[in-house]
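Per numbering that gives the first Met the number 0, the very first residue in the sequence shown carries number 0; after that it's consecutive. No residue lacks a Cβ here, since even glycine has one placed at the ideal position from N, Cα and C.
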Amino acid sequence: MALIELGDMTDARPVPVADPITAGLDRRRVKPAVLLVVLALVLACGGAVRPESPGLRQLWTAPYNSEKSIVLSADILYLVSGGDRAELEAFSLADGRRLWRWGTDAHLINVNPAPGGGPVLVSVDPASAGTADGPAALASRTTIALRAGSGAELWRHAGEPLWQGVDRDDALLSEFDPLGGIAAVSRVRVEDGAPIWTSRGSTVREAIVEIAGGRLNRVITRTTAGDVTVLRHADGTREAAAARLAPVKDGYNDFGARDGRLWVAASEPDSAGPTPVGVYRLDTLTESVRHDDITNCGTIICSWGQGGFLALDPANGRELWRSPEIIASVVTDDRLLTDQQTGSEHTLLDSRTGRALSGSVHGWVAWADRWDDEILLLRPSAEPIGRTAVTRIDLRTGRTDLLGSLEPLPDQQSCRTTPGYLICTGWDRVIVAAVP
Numbered sequence: 000m001a002l003i004e005l006g007d008m009t010d011a012r013p014v015p016v017a018d019p020i021t022a023g024l025d026r027r028r029v030k031p032a033v034l035l036v037v038l039a040l041v042l043a044c045g046g047a048v049r050p051e052s053p054g055l056r057q058l059w060t061a062p063y064n065s066e067k068s069i070v071l072s073a074d075i076l077y078l079v080s081g082g083d084r085a086e087l088e089a090f091s092l093a094d095g096r097r098l099w100r101w102g103t104d105a106h107l108i109n110v111n112p113a114p115g116g117g118p119v120l121v122s123v124d125p126a127s128a129g130t131a132d133g134p135a136a137l138a139s140r141t142t143i144a145l146r147a148g149s150g151a152e153l154w155r156h157a158g159e160p161l162w163q164g165v166d167r168d169d170a171l172l173s174e175f176d177p178l179g180g181i182a183a184v185s186r187v188r189v190e191d192g193a194p195i196w197t198s199r200g201s202t203v204r205e206a207i208v209e210i211a212g213g214r215l216n217r218v219i220t221r222t223t224a225g226d227v228t229v230l231r232h233a234d235g236t237r238e239a240a241a242a243r244l245a246p247v248k249d250g251y252n253d254f255g256a257r258d259g260r261l262w263v264a265a266s267e268p269d270s271a272g273p274t275p276v277g278v279y280r281l282d283t284l285t286e287s288v289r290h291d292d293i294t295n296c297g298t299i300i301c302s303w304g305q306g307g308f309l310a311l312d313p314a315n316g317r318e319l320w321r322s323p324e325i326i327a328s329v330v331t332d333d334r335l336l337t338d339q340q341t342g343s344e345h346t347l348l349d350s351r352t353g354r355a356l357s358g359s360v361h362g363w364v365a366w367a368d369r370w371d372d373e374i375l376l377l378r379p380s381a382e383p384i385g386r387t388a389v390t391r392i393d394l395r396t397g398r399t400d401l402l403g404s405l406e407p408l409p410d411q412q413s414c415r416t417t418p419g420y421l422i423c424t425g426w427d428r429v430i431v432a433a434v435p
């Protein structure tokens with residue numbers, strides 16, 4: 000397979016986009032008497048004053064429009080632009096400096112930053128490959144690794160990362176067949192692209208990754224007929240279990256894996272009735288639960304149906320609790336954040352017991368790629384009027400804390416968060432704020 004020739008990096012030198020917004024002092028206006036008072040206080044406190052921890056504050060802004068999108072890592076904001084020549088720009092979250100810019104004439108498919116400051120994996124296919132999801136375009140897709148700090152190319156490999164298939168040390172890539180389907184799955188090192196293993200054989204319809212303990216674990220493939228195979232993450236060898244489960248249909252198909260369980264759902268096209276879902280043990284591929292309209296909710300199974308909300312034990316399908324009206328907006332391993340009033344009123348629940356851990360909390364959720372110990376909510380502030388108040392919900396205790404307020408945001412429903420930062424987009428700008 001020929002490699003795709005991409006455009007060279009342009010304008011790799013750091014270019015400031017916006018200066019940090021700080022509350023500085025004009026020292027020419029500070030009177031000598033004030034300086035003497037400050038010096039006396041320092042000496043009285045033993046020669047050192049510990050500064051207070053900085054609170055919620057806006058850091059910087061950059062131009063933004065509807066043709067752009069953002070991707071976040073721990074300390075870098077990637078701004079993706081479409082058009083005839085796709086571009087990827089990297090900005091420091093801390094101060095808004097543009098670290099580098101990279102462009103390509105190929106279709107830019109997705110951007111996956113590796114955790115822990117590793118490279119960013121950019122998947123592309125040539126503009127001449129036809130429709131973006133056609134067999135020719137899929138077969139020509141290539142993943143290019145760029146160094147996070149400079150944008151320098153490190154390596155390139157055929158295929159694209161599996162969903163949630165990029166980890167701190169390695170990535171799982173799918174290589175497509177020109178006639179359709181996945182011809183191979185490869186595990187490569189993210190730092191240099193060196194292959195660890197490649198599994199080839201019969202073409203499969205789809206491949207997914209099991210996440211266990213927050214890390215990549217097994218790889219599961221399925222053919223159109225429903226033949227399921229489980230591969231070990233370490234070396235790509237097949238586990239003993241294999242089975243023919245539900246075939247792939249053109250309608251709704253839920254196929255996912257987490258913490259030792261596989262979820263398989265299939266429905267006929269345009270089916271208006273409930274969708275049966277089977278939950279299987281990954282080590283044996285034996286079915287442990289079958290129920291209509293269920294999904295994975297961490298340590299429980301969630302079901303929304305005519306009887307209301309059901310919480311089921313994933314080991315045996317036993318009902319744990321139920322409620323007549325619950326819509327879950329945020330789901331973590333052991334917490335549910337409910338939605339009322341079209342997404343602006345919430346209550347935090349213990350997912351195993353259904354016990355409320357908080358009262359009703361108002362605001363729009365700032366979305367995250369991964370929920371750790373907190374959720375941020377945004378709402379118009381009452382005092383002062385016109386600003387945006389930011390509230391934190393502690394997922395462990397349910398405690399809520401008002402962190403402060405920011406200037407009016409373009410769209411309180413278009414905000415995301417990564418630890419230490421809040422990022423909001425509007426019609427003409429992206430706004431980055433520090434979160435204590």
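- Ranked by Cα distance from THR285, the first of LEU76, GLY259 and PRO112 is GLY259.
- Counting the other Cβ atoms within 10 Å of the Cβ of GLN305 gives fewer than 16, which makes it exposed.
- In the three-state reduction of the DSSP assignment, ALA245 falls in the coil class.
- Per DSSP, the unbroken alpha helix (DSSP H) holding PRO134 starts and ends at 134-138.
- Counting C-beta atoms within 10 angstroms of its own C-beta, GLY192 has 16 or more neighbours from the protein chains shown and is therefore classed as buried.
- The three-state reading of DSSP puts GLY403 in strand, counting E and B together.
- In the DSSP assignment, the residues bridged to GLU205 are ARG221.
- Per DSSP, the beta-bridge partners of VAL278 are TRP262 and VAL288.
- ASN216 is bridged by DSSP to nothing; it lacks a bridge partner.
- Assigned with DSSP and collapsed to three states, TYR77 falls in strand.
- In the structure shown, VAL121 falls within a strand segment according to DSSP collapsed to helix, strand and coil.
- DSSP places GLN411 in the coil class of the three-state scheme, outside both helix and strand.
- Per DSSP, the unbroken beta strand (DSSP E) holding LEU336 starts and ends at 334-337.
- Boundaries of the beta strand (DSSP E) harbouring PRO112: 106-112, taken from the DSSP string.
- Between ALA73 and PRO435, the CB-CB gap reaches or exceeds 8 Å.
- Rounded to whole angstroms, the gap between the alpha carbons of ASP83 and ASP104 is 7 Å.
- The Cβ atoms of THR390 and LEU401 sit closer than 8 Å to each other.
- Between GLU318 and ALA240, the alpha-carbon positions lie close to 28 Å from each other.
- In this structure, the alpha-carbon of GLY272 lies about 40 Å from that of PRO112.
- Going by DSSP, ASP226 is part of the beta strand (DSSP E) stretching over 226-230.
- The way I'd put it, the segment 354-373 doesn't touch the segment 288-302; fewer than three beta-carbon pairs between them come closer than 8 Å.
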